[in-house]
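Enquirer: Here you go, one structure.
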Amino acid sequence: MTSVLQKDAGKFSLAKKVVAQKGNKKWRHNNLMGYLFISPWLIGFFTLTLIPIAASLVLSFTKYDILSGDVEWTGLENFRRMFYDDPRYWRAVRATVKFAFISVPLKLLFALLVAELLYNARRLVGVYRAVYYAPSIVGGSIAVAVMWRQIFASKGLINEFMLDAGLERKLWLFDIKYAIWTLILMAVWQFGSPMLIFLAGLKQIPSEYYEAASIDGAGTVSKFTRITLPLLTPVIFFNLVMQLIFSFMTFTQAYVVSGGTGRPLDTTLFYSLYIYIRSFGVGANMGYGSAMAWVMLVVIATFTGVIFLSSRFWVFYDTAEN
Amino acid sequence: MPKGISRRDFLRLSAAAGAGTVLSVYGSPLSGLPALAQDKVDLRFIWWGGQLRADITTQVIKMFQEKNPNVNFTYEFLSFEDYWTLLTAQAAGGGLPDIMQHGTTTLAEWSKKDLLHPLDEYIASGVIDFTNVPEVLQNHGKVNDKIYAVSAGSNANGFVIDLDAFEQAGIDVPPDTWTWGDFEEIVTGLSENLGIWGFGSYLHHVDLWRIIYSGHGTDLYATDGKSLAYTDDAPIVDHMEMVLRLQDALAIPHISEESEVNTLGPEAQFIVKGQCAMDYLAGSNQLVAMWTAAGEDRNFKIMPVPRPEGGRQGLAIRPSQYEAVTVNSENPEMAAMFLNFFINDVEANKILNAERGVPINTVVLDALKENAAAPQQAIYDYLARLAEDSAPFVFPDPLGVEDIRVNVYYPEFTDPVRYGAISPEEGAATLREMSNEILAEANQ
Amino acid sequence: MSNQTLARVYRNYRKNITSTIRSIIFYPMHAYRTYYHQMKRVINNIIFHPADAYRMYGKHVRHAMRGLVFHAIVIAFGFVMIYPLIWMLASSFKGESEIWTETSSLIPNELNLDNYRSGWKGFAGISFTTFFKNSLWVSGVSTLASVFSSAIVAYGFARIRFTGKKFWFAVMLSTMMLPSQVQLIPQYILFSKLDWINSYKPLIIPRFFGMPFFIFMMVQFIRGIPIELDEAAEIDGCSRAGIFFRIILPLIKPALGTSAIFAFYWSWDDFLTPLIYLNDPRKYTVSVALRNFADPSSVTNWGAVFAMGILALVPVFLLFILFQRYMVEGISTTGLKG
């Protein structure tokens, strides 16, 4: 089974050479069809997306006052200030990186395990799937934030358990040590979206593979590691990239739980939250916010690029392109 | 200020260039038709606030519409944060409503940046009738010699005290001239006698910074706005040391405990729940919501913030918020008429009932005082007492003040000090240095 | 049924359950006697004919045990997962004081529908009927538009080799990496130039151009489909469009279903865009209305907030149930050779 997959992966690198030898006519036709198919996105990009993005890039080299509209070219000043002269900036970086690097692997692990578990379940699958997805659809609503605060509040549910267990109650949400963990927990709790995508991916694996493996006498574990995991790598790859991007951009949770302040001691001051504070407050300089945003874009793009580069070593597509 | 591209045009130009592209894709939209009938006037009003404010304000809007049937009124109300996100976007896109609500810092900035319509012509022509408004209060909305807004009501910071708790603790209600020394003694006594906190949250509130220095006889900011007015950190260091003493003695909640409450509404406040005997009031008008949440059987009184030993009253009477007409209004005169109705109409104010602060029109105020409920009575009483020796209301603030409040005062000074990460001296020095830097840069 | 009747039925029901549980706890002997005969036979078998019993019950027991353990784990974990939702549901039936005094109780003292009634009235004379209509319209159109357009674009990226493909794909991914906070203002200016303010256009039209998240996801799924299928169809004389509609679309149903669920939810839940672009409360969507309802800085009718919050989840949940069907029938049930 794996040997087939490896052969396919090999075919992928051959694809380029094959294509280069194809006729000119076919090549032109492919170009036309390619651009035709991606044209919806291209048109949207040039008309609606590009302008705000380009504007924010230009603004990152300026001091831009939204209210007066004054734009003053400052060159690299925003970046200098960010790296050398803004203590809050580095706290925001630290909080975000910690959050992303802990919550993403945990979330994906949970999502994959539960997806696999539910995939194999015979009865009540629909119900379970709904139950596990439910936390993700209540995501940003105020009511959930209130509830979350209730659970971790000084006289909340967790503390009731702590007292019952003979432990001291803790102020989870505003304790320097624990605050970020409540947010990580909340993120992991909402593993529903990657789980659904994993489930869809599992459904796409042809059952013949499993049947063949069963005939070869493979057990549950080896089926999982030899068939499920390799064939699921495109989806794992997708989830990894997307969750990383999303976690770097996390805003609502931090905003709601700390009231948008990053308390305690900026340990929950997520990058996006800080961009927001810097861009929108009275007398704020959106140029500075834009500069921060572009630094973030470069950092995420680098991470994504690394994952993409590494993907040829661990992501298996069932076939190469022709 | 070094000159860049002309005012507010840079982004608009680039957006227009983009819009051109898009229009050629979609075909141009219908050009705005001229108003068919002159008699129908659109007015849009946005404010921040909760349900109570929304209910009473919409009632007043209805009253105004009944008197002016040609006005087509639309309105929105939002939470404070959403409000400013939305209004900032609308300012950038030139789509501000006719009438908007402002705070003191924002009013100064927005009028300096020409986003608000000066009201002087309407005051001169009598559309806005200031006959019964004391001159001091008229000028509360004055920036660079023009009046840009009317005060929606007068306000002052203060401490709210639970009279029953004081009685139970056997502690006398102090006189208005009490000092910080008296305060510390009373807080300690209350917490020892009652087993609850003597004082609730925000004993490090950013407004206290100014009030403390003002009590020592100096304003917080230098007159040219380029720096702080003080070089001696002692007053604020002393204050924070007291806060730490009280926090260590468990006479006030720990910072992590109070942070939890500070982001919640009135119903969650310590004093409302009876968990402390005294609490901070960022504005006297908030007593209405607090008392409503606590229940009518409670007894509250507002006290002025204590003064330094041998110092003066540091509190100023200021507007709780303003109502202003924006430059995007197509009917500024009608908008001004509404403002006039809002501050001068007795019936309308009976509904508004000082929820936005004490009415600035003396005739209206007298009418409201006649049968005021307990919370309103307490507020009227407090402002009347305070008026006798309050500090002057300094307005407008220099630019950069909000930056200092959000990005320096709490995250670099009070929070690390109260969490014990740095000493009050270190924190106060950082606060002074960073503030001076920001002020110097913002007010070149 | 009138409200009082409902409440009475509910009270009786609660009483019944309580008494049943109480009898099991306090009168175990009674329960034992009821099942005595059946149990005696089983126990006799086990004691006196263990080998037979093992042959008879062993397989069932082991199987049942495994199923039981599985379901027990999934249910217990699932309960933790939806505890907050149950809490919200319970709170939506509680009176204002009960919400905060009996926070951790999941069963309200009585089935109080007042929160729903008062919540539905909405504010400023506009009821939630309007908000729901608006939201359904906006989210419905956006969902259809974004899923369909994304599928087309995804096919282009996944299956056709053309100059600049990698470049455009990278550009598309990067558009997701710029925080929306800094795009907000330029976008607002752009949309106001287009005269889109106070209309649903900013909420709907961008969705017709595909969404990078879905495009990327579908690309990954399409690349998982054996290319031989395309080739076979091509040999049979099928055009690109034909391959897309007849081969690819049916095969990525799980991805389409998932996308539809996400697209609907994101559009339904998004509150910032409608807040910024809609100036007239009559045009508000449910998310904005809810947010207005729940301003944490003032005394709020929390019961009504929770009640409307629960109702707001209903369409999302229904759509989820509707579309998860497509996730069940994957390639595995269509019997294709890999």
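From first to last, the protein sequence lines are chains A, B and C. Using our numbering, read the first sequence as starting at 14 and increasing by one per residue. Using our numbering, read the second sequence as starting at 1487 and increasing by one per residue. Using our numbering, read the third sequence as starting at 138 and increasing by one per residue. Every residue, glycine too, gets a C-beta built ideally from N, C-alpha and C.
#1: Since I believe B/Ser1921 is in contact with B/Leu1714 (beta carbons under 8 angstroms), could you give me their beta-carbon distance rounded to a whole number of angstroms?
#2: Is it the case that the Cβ atoms of B/Gln1807 and B/Ala1840 are separated by a distance below 8 angstroms?
#3: Within its chain, find whatever has a CB closer than 8 angstroms to the CB of B/Thr1749; leave out the 5 residues flanking it on each side and keep chain order.
#4: Pull up the CB-CB distance for B/Val1894 and B/Leu1917, whole angstroms please, since I reckon it's below 8 angstroms.
#5: Do A/Tyr287 and A/Phe261 come within 8 angstroms of each other at the CB atom, strictly closer than that value?
#6: Looking only at DSSP bridge pairs, what is B/Gly1644 linked to?
#7: Going by C-alpha distance, which of B/Gly1686, B/Ala1775, B/Val1692 is nearest B/Ala1737?
#8: What in chain B is Cβ-close to A/Ser116, meaning under 8 angstroms?
#9: Taking only beta-carbon atoms, is B/Trp1570 less than 8 angstroms away from chain A?
#10: Can you look up B/Phe1496 in the DSSP assignment and give me helix, strand or coil?
#11: To the nearest angstrom, report how far apart A/Arg291 and B/Val1887 are at their CA atoms.
#12: Verify whether the separation of the beta carbon atoms of C/Ala397 and C/Thr280 is less than 8 angstroms.
#13: So which residues of chain A does B/Asp1719 contact, with C-beta pairs closer than 9 angstroms?
#14: Whole angstroms are fine: how far does the CA of B/Leu1538 sit from the CA of C/Ala227?
#15: Counting only beta-carbon separations shorter than 8 angstroms, does C/Met138 have a partner in chain A?
#16: In angstroms, rounded to a whole number, what distance separates the CA positions of C/Ile389 and A/Phe74?
#17: Nearest to B/Leu1825 by alpha carbon, out of B/Gln1576, B/Asp1541, B/His1603?
#18: Using a Cβ cut-off of 7 angstroms, which residues of the segment 158-186 of chain A contact any Cβ in chain B, in chain order?
#19: Would you list, in sequence order, the uninterrupted alpha helix (DSSP H) runs of no fewer than 4 residues that lie entirely inside the segment 1859-1896 of chain B?
#20: Specify the secondary structure class of B/Arg1530 as computed by DSSP and reduced to three states.
#21: Looking only at its own chain, which residues have a Cβ that is under 7 angstroms from the Cβ of C/Phe328, when we skip the five neighbours before and after it?
#22: Check for me: the beta strand (DSSP E) holding A/Lys236 runs from which residue to which?
#23: So A/Pro277 contacts chain B; which residues on that side make the cut at Cβ distance below 8 angstroms?
#24: So what does B/Tyr1561 bridge to, in DSSP terms?
#25: A/Gly57 versus chain C: which residues are under 8 angstroms apart at the beta carbon?
#26: Along the segment 302-323 of chain C, where does the CB come closer than 7 angstroms to a CB of chain A? Name the residues.
#27: Across which residues does DSSP place B/Trp1683 in a beta bridge pair?
#28: Nearest to B/Pro1752 by CA position, among B/Glu1743, B/Ser1742, B/Asp1765, is which residue?
#29: For a test of the three-state rule: what should DSSP assign to B/Ile1738, helix, strand or coil?
#30: For A/Asn330, which of helix, strand or coil comes out of DSSP?
#31: Alpha carbon to alpha carbon, how far is B/Lys1855 from B/Glu1743? Give it in angstroms, no decimals.
#32: If we call anything under 8 angstroms between Cβ atoms a contact, is B/Asn1771 one with B/Asp1584?
#33: Given this structure, state the Cα-to-Cα distance separating B/Ser1514 from A/Thr60, to the nearest angstrom.
#34: What do you get for C/Val206, buried or exposed, if any count of 16 or more other CB atoms within 10 angstroms of its CB means buried?
#35: Counting Cβ pairs, one atom from each stretch, are 3 or more of them under 8 angstroms apart for the segment 1694-1709 of chain B and the segment 1865-1873 of chain B?
#36: In terms of residue numbering, what span does the alpha helix (DSSP H) encompassing C/Gln324 cover?
Expert: With the structure as the only source:
#1: Between B/Ser1921 and B/Leu1714 the Cβ distance is about 5 angstroms, and since that is below 8 angstroms, they are a contact.
#2: Not a contact, by the Cβ cut-off of 8 angstroms.
#3: So no residue of the chain qualifies.
#4: With a Cβ gap of about 6 angstroms, B/Val1894 and B/Leu1917 count as contacting.
#5: In this structure, A/Phe261 keeps its C-beta atom at 8 angstroms or more from the C-beta atom of A/Tyr287.
#6: As computed with DSSP, B/Gly1644 is found in a beta bridge with B/Leu1767.
#7: Residue B/Gly1686 is the option with its Cα nearest to B/Ala1737.
#8: At a beta-carbon threshold of 8 angstroms, none of the residues of chain B lie near A/Ser116; the nearest stands roughly 22 angstroms away.
#9: Taking Cβ atoms only, chain A reaches closer than 8 angstroms to B/Trp1570, which makes this a yes.
#10: Its pLDDT being 47, under 50, B/Phe1496 is placed unreliably by the model, and the measurement read from it follows with that caveat. In this structure, B/Phe1496 counts as helix in the three-state DSSP scheme.
#11: C-alpha separation (whole angstroms): 14 angstroms.
#12: With respect to the 8 angstroms criterion, C/Ala397 and C/Thr280 are classified as neighbours on the basis of their beta carbons.
#13: Those do not exist, as B/Asp1719 stays about 19 angstroms from chain A at its closest Cβ, beyond 9 angstroms.
#14: Going from the Cα of C/Ala227 to the Cα of B/Leu1538 covers about 26 angstroms.
#15: Residue confidence is low: C/Met138 scores 46 on pLDDT, short of 50, so the model does not pin down where it sits. Its coordinate-derived value is still stated next. At least 8 angstroms separates the CB of C/Met138 from every CB of chain A.
#16: Each residue's alpha carbon lies about 44 angstroms from the other.
#17: If we check each option's Cα against that of B/Leu1825, B/His1603 comes out closest.
#18: Here the close residues are Ala166, Ser167, Leu184, Leu186.
#19: As for any alpha helix (DSSP H) of minimum length 4 sitting wholly inside the segment 1859-1896 of chain B, the runs are 1860-1873, 1887-1890, ordered along the chain.
#20: In the displayed model, B/Arg1530 falls within a strand according to three-state DSSP.
#21: Answer for C/Phe328: Ile334, Pro339, Tyr414, listed in chain order.
#22: Counting along the chain, A/Lys236 falls outside any beta strand (DSSP E), though it belongs to the alpha helix (DSSP H) covering 233-236.
#23: The contacting residues are Ile1741, Ser1742, Ser1745, Asp1901, Tyr1905.
#24: Answer is B/Phe1531.
#25: Chain C residues near A/Gly57: Pro343, Phe345, Phe346, Gly347.
#26: Under the 7 angstroms Cβ criterion, the segment 302-323 of chain C contributes Lys302, Trp305, Met309, Leu310, Ser311, Thr312, Met313, Met314, Leu315, Pro316, Gln318, Val319, Gln320, Ile322, Pro323.
#27: In the DSSP assignment, B/Trp1683 is bridged to B/Cys1762.
#28: The shortest Cα separation from B/Pro1752 among B/Glu1743, B/Ser1742, B/Asp1765 belongs to B/Asp1765.
#29: Under the three-state reduction of DSSP, B/Ile1738 is assigned to coil, being neither helix nor strand.
#30: It is worth fixing the name first, because residue 330 of chain A is Tyr in this sequence and not Asn. Correct three-state label for A/Tyr330: coil.
#31: A direct Cα-Cα distance of roughly 38 angstroms separates B/Glu1743 from B/Lys1855.
#32: No. Outside cutoff.
#33: Model confidence at B/Ser1514 stands at a pLDDT of 38, short of 50, so the residue's coordinates are unreliable; what they give is reported in the following sentence. A straight line joining the alpha-carbon of B/Ser1514 with that of A/Thr60 spans about 14 angstroms.
#34: Around the beta-carbon of C/Val206, fewer than 16 other beta-carbon atoms lie within 10 Å, marking it exposed.
#35: The segment 1694-1709 of chain B is not in contact with the segment 1865-1873 of chain B.
#36: Run containing C/Gln324: 317-330, per the alpha helix (DSSP H) assignment.
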